[in-house]
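Comments concern the structure below.
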Amino acid sequence: MTVRITPSILNANLASLADEVGRIPSADGLHIDVMDGHFVPNLVMGAPFVASLRPTTDLMFDVHLMIEDPDRWAPQYVEAGAQSVTFHLEAATAPIKLARELRAMGARASVALRPATPVEQLAGFLTEFDQILLMTVEPGFGGQKFLDPVLAKIRSARKLIDASGADIWLQIDGGVSADTIERAAEAGADTFVAGSAVYRSDDPDQAVTSLRNQAQAAQDCCH
Ligand code: DX5
Ligand code: ZN
Numbered sequence: 008m009t010v011r012i013t014p015s016i017l018n019a020n021l022a023s024l025a026d027e028v029g030r031i032p033s034a035d036g037l038h039i040d041v042m043d044g045h046f047v048p049n050l051v052m053g054a055p056f057v058a059s060l061r062p063t064t065d066l067m068f069d070v071h072l073m074i075e076d077p078d079r080w081a082p083q084y085v086e087a088g089a090q091s092v093t094f095h096l097e098a099a100t101a102p103i104k105l106a107r108e109l110r111a112m113g114a115r116a117s118v119a120l121r122p123a124t125p126v127e128q129l130a131g132f133l134t135e136f137d138q139i140l141l142m143t144v145e146p147g148f149g150g151q152k153f154l155d156p157v158l159a160k161i162r163s164a165r166k167l168i169d170a171s172g173a174d175i176w177l178q179i180d181g182g183v184s185a186d187t188i189e190r191a192a193e194a195g196a197d198t199f200v201a202g203s204a205v206y207r208s209d210d211p212d213q214a215v216t217s218l219r220n221q222a223q224a225a226q227d228c229c230h
């Protein structure tokens, strides 16, 4: 399995974001967190913001919508230049319809689950998605502690994905660091969001490479 590191810019210096993005050329994509102050108790970024960042980098944009009513708002992010758009299952009214709409626009469709939402809720329509995002913290803020109980859910998701035979990325988000990435990779995650572990490092690009190497080694040992 290919390991991907998609750093979150939430913990970068938002006042000079184009420079901050330029500090992670080795990343496999840029994870852009969008929060509406309702689905989560924090408010950041939006489609115009994504559009203005688009010309500053060639990195894939992996937009994570932590918002109510993604059915209404998600397509705007594809128009703004996102290659992948993640919405929360808990917030969507018609997740299958929305995933199909995103794909029809040429984007990867991705669905996120909060820590307490069982992955079995996706059984039967897993292949509507190109990526499953399992939150390993409660969404809303960077810098939180990795929730170990989600490891069992990562294992369940890996089994469901493998059984489906589809090429679906299994992403985790929250508390990913040198201390936690190996057990998440062993459990079956292949795509890792890391915010503070990258942007609080003196050398963010080196942090990306080092996290990828750790995850790859853990995966090689156990899969
Ligand atoms: C949290 C966001 C994350 C966050 C991760 O709700 O979705 O993407 O930025 O930050 P760290 O890696 O610091 O937990
Ligand atoms: Zn995120």
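8 is the number of the first residue of the sequence shown in the numbering used here; add one for each residue after it. Beta carbons are placed, not taken as given, at the ideal position from N, Cα and C, and that holds for glycine. Values in this document were obtained by computation on a predicted structure and should not be read as measured data.
Query, Result
"Please state if the CB of Gly195 and the CB of Phe153 are separated by a distance shorter than 8 Å.", "no"
"Taking the continuous alpha helix (DSSP H) assigned at Phe56, which residues delimit it?", "Ala54 to Leu60"
"Under 7 Å: does the beta carbon of Ser208 sit that close to some heavy atom of the ligand DX5?", "no"
"Write down the C-beta distance between Gly217 and Ala185 rounded to the nearest angstrom, noting that I regard them as a contact closer than 8 Å.", "Before going further, note that residue 217 is Ser rather than Gly in the sequence given. Correct: roughly 7 Å between the Cβ atoms."
"Have a look at the DSSP bridge pairing and note the partners of Thr93.", "His71 and Ser117"
"At 3 residues or longer, what runs of the beta strand (DSSP E) sit wholly inside the stretch 137–186?", "138–142 and 176–180"
"Can you tell me whether Glu86 is buried or exposed? The criterion is at least 16 other CB atoms within 10 Å of its CB, across all chains shown.", "exposed"
"Residues with a Cβ closer than 6 Å to any heavy atom of the ligand ZN, in chain order?", "Ser15, His38, Asp40, His71, Asp180 and Val200"
"In terms of DSSP beta bridges, what is Arg110 paired with?", "For Arg110, which the question treats as bridged, DSSP gives no partner whatsoever."
"Provide the residue span of the beta strand (DSSP E) that contains Arg190, from first to last.", "Counting along the chain, Arg190 falls outside any beta strand (DSSP E), though it belongs to the alpha helix (DSSP H) covering Ile188 to Ala194."
"Using 8 Å as the Cβ pair cut-off and three pairs as the minimum, do the stretch 63–78 and the stretch 96–105 touch?", "yes"
"Which residue or residues does DSSP assign as beta-bridge partners of Asp40?", "His71"
"Just list the residues that DSSP pairs Ile12 with in beta bridges.", "Phe199"
"Provide the residue(s) that pair with Leu50 in DSSP beta bridges, ordered along the chain.", "Asp43"
"With DSSP collapsed to three states, give me the class of Ala214.", "helix"
"At which residues does the alpha helix (DSSP H) containing Val85 begin and terminate?", "Pro77 to Glu86"
"Confirm the yes/no value for this check: CB of Asn18, any heavy atom of the ligand DX5, distance under 7 Å.", "yes"
"Does any heavy atom of the ligand DX5 sit closer than 7 Å to the C-beta of Gln1?", "Examination of residue 1 is not possible in this model, given that the chain is present from 8 through 230 alone."
"Using a threshold of 7 Å, is the CB atom of Gly36 nearer than that to any non-hydrogen atom of the ligand DX5?", "no"
"Please state if the CB of Ala89 and the CB of Val57 are separated by a distance shorter than 8 Å.", "yes"
"Report all residues from its chain with a CB closer than 8 Å to the CB of Arg162; omit the five preceding and five following residues, and keep chain order.", "Ala194 and Gly195"
"Closer than 8 Å is the cut-off here; do at least three beta carbon pairs connect the stretch 129–137 with the stretch 173–180?", "yes"
"For Asp69, tell me which candidate among Phe94, Asn49 and Thr124 has the shortest Cα-Cα distance.", "Phe94"
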